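Heads up: the structure comes next, in structure tokens.
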Amino acid sequence: MKNQTSQIIGRIRQLGLAALLTTGLASQAQTWLYQGHTDIGIDYDETVNEWDLHIHDEVNDAEYSPPTNALLVVKSDAHGFVPAGSQWSFLGAVGSDVWILPKAQDPNLLFLGFGAEEIADGTFTNDQFTITLTGFGGPGNLAIYDLDSFGDPIVWMNSADGINGSDSRVLPSGAHSHINWAFSAPGDYTVTFEANANSVLNGPTSSGPVDYKFHVVATNEVLINPNPPQLQITAEGNTLNLAWPANRGWILQSNSVSLTANDSWFPYPADGSTGVTNATVEIDGSKQNVFFRMVKP
Numbered sequence: 534m535k536n537q538t539s540q541i542i543g544r545i546r547q548l549g550l551a552a553l554l555t556t557g558l559a560s561q562a563q564t565w566l567y568q569g570h571t572d573i574g575i576d577y578d579e580t581v582n583e584w585d586l587h588i589h590d591e592v593n594d595a596e597y598s599p600p601t602n603a604l605l606v607v608k609s610d611a612h613g614f615v616p617a618g619s620q621w622s623f624l625g626a627v628g629s630d631v632w633i634l635p636k637a638q639d640p641n642l643l644f645l646g647f648g649a650e651e652i653a654d655g656t657f658t659n660d661q662f663t664i665t666l667t668g669f670g671g672p673g674n675l676a677i678y679d680l681d682s683f684g685d686p687i688v689w690m691n692s693a694d695g696i697n698g699s700d701s702r703v704l705p706s707g708a709h710s711h712i713n714w715a716f717s718a719p720g721d722y723t724v725t726f727e728a729n730a731n732s733v734l735n736g737p738t739s740s741g742p743v744d745y746k747f748h749v750v751a752t753n754e755v756l757i758n759p760n761p762p763q764l765q766i767t768a769e770g771n772t773l774n775l776a777w778p779a780n781r782g783w784i785l786q787s788n789s790v791s792l793t794a795n796d797s798w799f800p801y802p803a804d805g806s807t808g809v810t811n812a813t814v815e816i817d818g819s820k821q822n823v824f825f826r827m828v829k830p
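Just so we're aligned: 796 in my numbering is position 263 of the sequence shown, and the numbers increase by one with no gaps anywhere.
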């Protein structure tokens with residue numbers, strides 16, 4: 534993705550030791566998650582025989598339910614090509630495009646798995662449940678797979694050969710499983726999961742279908758988030774403290790010249806790392822204006 538600017542969300546006017554701060558915070562209709570530890574969260578309350586399939590943002594300890602309140606973004610950094618070898622044919626033709634969120638954590642991408650830690654032992658028969666891909670829509674295909682000890686794929690679910698009963702996986706209660714997520718084309722996807730189990734207390738039970746939204750970023754795409762992150766700003770004497778949510782892939786920039794001076798924006802930290810989520814700035818009384826913005830690299 535090319536560098537682009539979100540709305541300006543912080544402006545400081547400095548007059549001696551006085552600071553005037555104005556902020557405009559965007560509404561969070563749908564949170565976009567770009568990187569960091571994130572799970573398809575699965576919980577079950579046996580007292581009311583009710584499932585809760587959601588998204589768990591482990592970095593910020595935030596849950597999104599229904600899961601469509603968040604968009605799972607597969608960045609262009611995930612782009613690659615289908616390797617040679619018949620074992621990889623489920624991904625498409627050799628050399629064709631593929632976007633993969635890997636099982637091994639990449640700090641620049643979503644680290645996406647299935648998380649059922651909230652389900653206590655003894656809740657389900659044999660302490661296990663089944664997660665099934667029951668629906669799929671998008672411009673390409675999705676394959677969810679693990680790797681064996683030799684590095685060969687073990688396919689869990691694959692939309693390329695149609696959606697049927699084979700697109701399921703039995704998982705242990707209380708478990709946390711990370712796998713590979715491979716998309717064959719950029720664009721918007723709706724992925725539908727359903728959880729089933731035999732409750733010790735209630736018998737056979739199902740979550741029903743639950744939708745999750747993904748966006749796969751093309752290699753030449755400029756992606757503009759309509760809901761930029763909220764920037765929290767506090768002032769203590771001559772010090773300004775700024776903080777923003779982790780795993781969204783945003784960086785902070787400042788400019789003491791002009792909003793239109795594109796060559797005068799400087800990142801915090803200087804290397805533009807997306808892993809940094811806070812900054813401390815000393816107020817300089819000699820500068821009349823300092824502007825802040827969040828950008829998506």
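For each residue, glycine too, the CB sits at the ideal point set by N, CA and C. Only a predicted model underlies this, so the values are computations on that prediction, with no experimental measurement involved.
- The continuous stretches of beta strand (DSSP E) do not include Asn771, and DSSP gives it neither H nor E.
- Per DSSP, the continuous beta strand (DSSP E) segment holding Asn731 begins and ends at Gly720 to Ser732.
- The beta carbon of Thr663 is closer than 8 Å to those of Ser701, Arg702, Val703, Leu704, Ala728, Asn729 and Ala730 in its chain, skipping five residues each way along the sequence.
- Boundaries of the beta strand (DSSP E) harbouring Gly646: Leu643 to Gly648, taken from the DSSP string.
- By the neighbour-count criterion, in which 16 or more other beta carbons inside 10 Å mark a residue as buried, Ser622 falls on the exposed side.
- If you check the CB distance, Leu756 and Val750 come in under 8 Å.
- Excluding the 5 residues flanking it on each side, Thr738 has same chain C-beta neighbours closer than 8 Å at Tyr577, Asn582, Trp584, Asn729, Ala730, Asn731 and Ser732, in chain order.
- With respect to the 8 Å criterion, Thr656 and Glu754 are not classified as neighbours on the basis of their beta carbons.
- Contact annotation: Ser706 and Ile652 have beta-carbon atoms nearer than 8 Å.
- Classified as exposed, Gln821 has fewer than 16 neighbouring CB atoms from the shown chains inside 10 Å of its CB.
- Between the alpha carbons of Gly613 and Ile633 lies a gap of roughly 8 Å.
- In the three-state reduction of the DSSP assignment, Trp777 falls in the coil class, being assigned neither a helical nor a strand state.
- Look at the stretch 609-659 and you find these whole runs of beta strand (DSSP E), each 3 residues long or longer: 612-614, 630-634 and 643-648.
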